[in-house]
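Sequence lines, in order, name chains A and B.
Just add 3 to the spot in the first sequence (first one is 1) and you have the numbering used here.
Just add 668 to the spot in the second sequence (first one is 1) and you have the numbering used here.
Encoded as structure tokens, the structure appears first; notes follow it.
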Amino acid sequence: MLQFSAVSKRYASGLLAVDGVELSVAPGEFVSIVGESGCGKSTLLRIASGLEAPTEGGVLWNGKRITTPHSEIGMVFQEPRLMPWLTIRENIAFGIRALPASERKSRVDRALERVGLTNFAAAWPRELSGGMAQRASLARALVERPSVLLLDEPFSALDALTRADLQDHLADLWSEDRPTVVLVTHDIEEALFLSDRVLVMRGRPGQIRATVRCDLPRPRDRGAISFATLKQKLLAELHRSIHDKEGGGAPSNNLKKVVGYV
Amino acid sequence: MSSAERRLDTGQPGPILSGPSATARARSGGWSWLLGLILPLALALGYEAAVRFGWSNGRLLPPPSRIIGTFVSLAASGELARHIAATVGRVALGFVLGVTAGTVLGALTGTFALPRRLLDPSFQALRSIPSIAWVPIFILWFGIFELSKVLLIAVGVFFPIYLALSAAILNLDRKLIEVGRIFRLSQGAMIWRVLLPATLPAYFVALRTGLGLGWMFVVAAEFMGASEGLGFLLTDGQMTGNAPEILASILAFALLGKLTDWGIVLVSNRVLRWQDSLRPQR
């Protein structure tokens with residue numbers, strides 16, 4: 004169980020990036036956090052990864068407070084962040100040095116196969132396209148077999164076709180061994196396509212404003228009417244959360260920004 | 669952001685296997701470097717002919733055949749080997765000293781803020797002093813023998829190494845460091861597995877620059893008054909009005925400089941092959 008307990012983060016500049024976030028993610032649950040740029044969603048994820056410390060509250064993993072990166076919690080960043088001096092195989096094995104060589108090899112082989120990069124095991128990162136590099140980055144996180152996978156806008160830098168392809172891929176990978184996933188994204192459709200639950204976050208201060216459950220059967224169809232209906236519901240929820248805050252005025256620029264990605 | 673990463677961000681659908689330079693090289697069949705030889709060869713042959721036909725007396729500017737002849741006779745007598753050994757010995761010792769000091773201090777000021785604030789301004793100030801300006805004071809301090817020469821070369825080698833390493837560590841991609849943190853690398857592993865490989869490209873470039881400066885400074889050092897060495901051969905040629913000897917030692921410098929630089933390039937191509945954009949297609 005991954006539990007965010009009154010998590011707050013105030014930067015030295017005085018900005019309250021995250022304000023008292025309460026959230027429980029059940030084992031095997033796929034949760035997405037959507038919100039506009041700068042709303043604190045990435046900060047929240049970085050606190051859960053142990054890369055950043057909260058100023059108040061904390062994130063608990065199975066009841067223990069996360070203070071530093073944890074072997075059971077994997078992270079994928081917006082950029083692939085592969086080491087350019089290591090081959091794809093070596094990059095994927097980057098985090099499992101401590102394992103015996105044979106175990107390491109079989110895990111990396113399996114990971115390469117799962118992300119469809121077997122033929123690129125010996126390639127250098129510069130030889131890969133953006134989508135392939137991000138799949139390698141995903142494999143690097145998966146190979147450690149984390150119970151929790153934190154994804155920080157992992158597909159936002161990719162073109163639309165590659166992005167859809169990787170979303171399908173992630174859905175498959177998740178169905179196979181059901182890790183707990185927290186995905187941060189500004190793409191509402193991506194969140195609905197992948198998640199059991201979508202949280203809407205708003206900035207200044209960074210708070211979770213709304214939750215939409217997403218019980219559509221998997222694998223999901225982006226073109227289905229039920230999918231469109233759910234998207235409407237999430238958009239309405241977005242509207243409501245913003246209007247609650249601003250006393251029923253006209254939609255703000257921030258809303259337009261979020262809606263613009265749909 | 670490194671060039672490798674920038675290419676990853678292009679989001680192209682297919683693998684990027686060859687850059688434009690790879691195709692250019694393939695088209696020219698690997699012989700294009702010969703084109704660069706045409707001009708110097710033409711000039712050399714032209715001048716050789718001019719002297720043969722008596723259009724120039726060739727006393728102050730000897731024709732290529734006389735330079736090569738002097739070079740060969742110096743080599744045959746063992747003179748050249750003795751001078752080269754002296755010069756190479758000084759450069760090697762100075763290079764090792766300069767690289768060691770530059771690496772240690774560059775790593776220190778690149779990594780920690782306090783040494784950087786303490787030392788870097790002084791090094792930046794010292795860097796702007798022209799090399800030859802050190803010669804008189806180095807002779808006063810360290811005498812006219814080997815110590816002052818080796819130290820002068822070490823000073824020349826030190827700065828490019830120091831500056832490049834310090835800057836490379838300072839500008840290190842924090843995003844890669846975070847990957848190291850996510851996988852809970854120890855401080856030693858972080859240095860060995862992230863910091864070192866990430867700074868190697870800049871370091872190798874600095875080694876080449878440093879070596880080039882080492883060759884430059886050895887001439888200045890040997891002008892201080894040496895009894896052997898290629899720099900001595902230069903001054904000796906000037907004193908005795910022996911132009912072929914001067915040009916033969918210049919030729920020796922050129923060959924040695926090119927040869928040692930090539931050595932570093934060979935090692936760096938091997939170590940940095942992940943960076944090489946001319947990898948053959950799979």
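Even for Gly, the Cβ is constructed at its ideal location relative to N, Cα and C.
Taking the alpha carbon of residue i as the reference point, which residue from the options has its own alpha carbon closest?
{"i": "F891/B", "options": "K817/B, V767/B and I735/B", "result": "K817/B"}
{"i": "N65/A", "options": "S150/A, E130/A and V34/A", "result": "S150/A"}
{"i": "V756/B", "options": "G909/B, E913/B, L879/B and G893/B", "result": "L879/B"}
{"i": "R296/A", "options": "I228/A, P208/A and T232/A", "result": "Past the boundaries of the shown model lies residue 296/A; chain A is included only from 4 to 265, so the question cannot be answered."}
{"i": "V146/A", "options": "S74/A, R243/A, A227/A and V28/A", "result": "S74/A"}
{"i": "I932/B", "options": "F763/B, L703/B and F900/B", "result": "F763/B"}
{"i": "S132/A", "options": "E116/A, L154/A, D162/A and S105/A", "result": "D162/A"}
{"i": "L219/A", "options": "K234/A, A213/A and P208/A", "result": "K234/A"}
{"i": "D190/A", "options": "L241/A, Q210/A and T183/A", "result": "L241/A"}
{"i": "A213/A", "options": "Q6/A, Y14/A, V24/A and L19/A", "result": "V24/A"}
{"i": "V803/B", "options": "I918/B, A743/B and G893/B", "result": "G893/B"}
{"i": "T768/B", "options": "L819/B, R720/B, W723/B and Y715/B", "result": "L819/B"}
{"i": "F123/A", "options": "S105/A, T90/A and A15/A", "result": "T90/A"}
{"i": "G778/B", "options": "L863/B, V939/B and G909/B", "result": "L863/B"}
Spatial neighbours of residue i within its chain, please: C-beta separation below 6 Å, excluding the five flanking residues on both sides.
{"i": "A832/B", "result": "A870 and A874"}
{"i": "G770/B", "result": "F826, I829 and Y830"}
{"i": "T691/B", "result": "With a pLDDT of only 47 at T691/B, under the threshold of 50, the placement of this residue in the model should not be trusted; the figure read from the coordinates follows. If we look at T691/B and ignore the five residues flanking it on each side, it has no Cβ neighbours."}
{"i": "V181/A", "result": "Here residue 181/A turns out to be Arg, not Val, going by the sequence shown. Contacts found: G31."}
{"i": "S936/B", "result": "F872"}
{"i": "A836/B", "result": "T867 and A870"}
{"i": "H172/A", "result": "none"}
{"i": "S799/B", "result": "G824, F885 and A888"}
{"i": "I914/B", "result": "L902 and G905"}
{"i": "P730/B", "result": "A911 and P912"}
{"i": "M907/B", "result": "none"}
{"i": "A920/B", "result": "L898"}
{"i": "K12/A", "result": "A20, V21, T46, P57 and T58"}
Measuring CB to CB, does residue i end up less than 8 Å from residue j?
{"i": "D168/A", "j": "G206/A", "result": "no"}
{"i": "A922/B", "j": "I735/B", "result": "no"}
{"i": "L195/A", "j": "F230/A", "result": "yes"}
{"i": "I99/A", "j": "R107/A", "result": "yes"}
{"i": "V10/A", "j": "P57/A", "result": "yes"}
{"i": "G41/A", "j": "V21/A", "result": "no"}
{"i": "G897/B", "j": "A754/B", "result": "yes"}
{"i": "L154/A", "j": "V203/A", "result": "no"}
{"i": "R143/A", "j": "F97/A", "result": "yes"}
{"i": "R225/A", "j": "E192/A", "result": "yes"}
{"i": "A125/A", "j": "P83/A", "result": "no"}
{"i": "W860/B", "j": "W127/A", "result": "no"}
{"i": "P783/B", "j": "L794/B", "result": "no"}
{"i": "L969/B", "j": "L773/B", "result": "Because chain B here runs from 669 to 950, residue 969/B falls outside it and cannot be looked at."}
Kindly identify the DSSP beta-bridge partner or partners of residue i.
{"i": "Q210/A", "result": "R205/A"}
{"i": "E59/A", "result": "S11/A"}
{"i": "D155/A", "result": "V187/A"}
{"i": "I76/A", "result": "V151/A"}
{"i": "V215/A", "result": "V201/A"}
{"i": "K67/A", "result": "W64/A"}
{"i": "Q6/A", "result": "S27/A and L63/A"}
{"i": "I36/A", "result": "V187/A and L202/A"}
{"i": "V21/A", "result": "K12/A"}
Indicate whether at least one CB of chain E lies closer than 8 Å to the CB of residue i.
{"i": "R221/A", "result": "The chain inventory of the structure shown lacks chain E, comprising the protein chains A and B."}
My assumption, with CB atoms under 8 Å, is that residue i sits in contact with residue j. Please give the rounded CB distance.
{"i": "L840/B", "j": "T867/B", "result": "7 Å"}
{"i": "S198/A", "j": "V34/A", "result": "6 Å"}
{"i": "M86/A", "j": "I850/B", "result": "Between I850/B and M86/A the Cβ distance is about 13 Å, and since that is not below 8 Å, they are no contact."}
{"i": "I76/A", "j": "S52/A", "result": "6 Å"}
{"i": "L26/A", "j": "F7/A", "result": "4 Å"}
{"i": "L152/A", "j": "V184/A", "result": "5 Å"}
{"i": "L54/A", "j": "E814/B", "result": "About 53 Å separates the two Cβ atoms, so there is no contact after all."}
{"i": "S733/B", "j": "E747/B", "result": "Actually they are not in contact, since the Cβ atoms of S733/B and E747/B sit about 19 Å apart, beyond 8 Å."}
{"i": "R221/A", "j": "A174/A", "result": "7 Å"}
Just to confirm my understanding: we take residue i, look at its own chain, exclude 5 residues before and 5 after, and list those with CB closer than 7 Å. What are they?
{"i": "K260/A", "result": "Confidence in K260/A is poor, its pLDDT being 43 and thus under 50, which makes the residue's placement unreliable; the coordinate value appears in the next sentence. Contacts found: E39."}
{"i": "A29/A", "result": "M4"}
{"i": "A239/A", "result": "none"}
In its own chain, which residues sit with a C-beta less than 8 Å from the C-beta of residue i, not counting the 5 before and 5 after it?
{"i": "R68/A", "result": "G61 and V62"}
{"i": "L102/A", "result": "R110"}
{"i": "G766/B", "result": "I821, A822, V823, G824, V825, F826, I829, G878 and G882"}
{"i": "G263/A", "result": "Model confidence at G263/A stands at a pLDDT of 39, short of 50, so the residue's coordinates are unreliable and nothing is read from them."}
{"i": "W930/B", "result": "none"}
{"i": "A857/B", "result": "G848"}
{"i": "Y14/A", "result": "A20"}
For residue i, verify whether its CB is less than 7 Å away from any heavy atom of the ligand PLP.
{"i": "I36/A", "result": "What this structure holds is no ligand at all, so the ligand PLP is not there to describe."}
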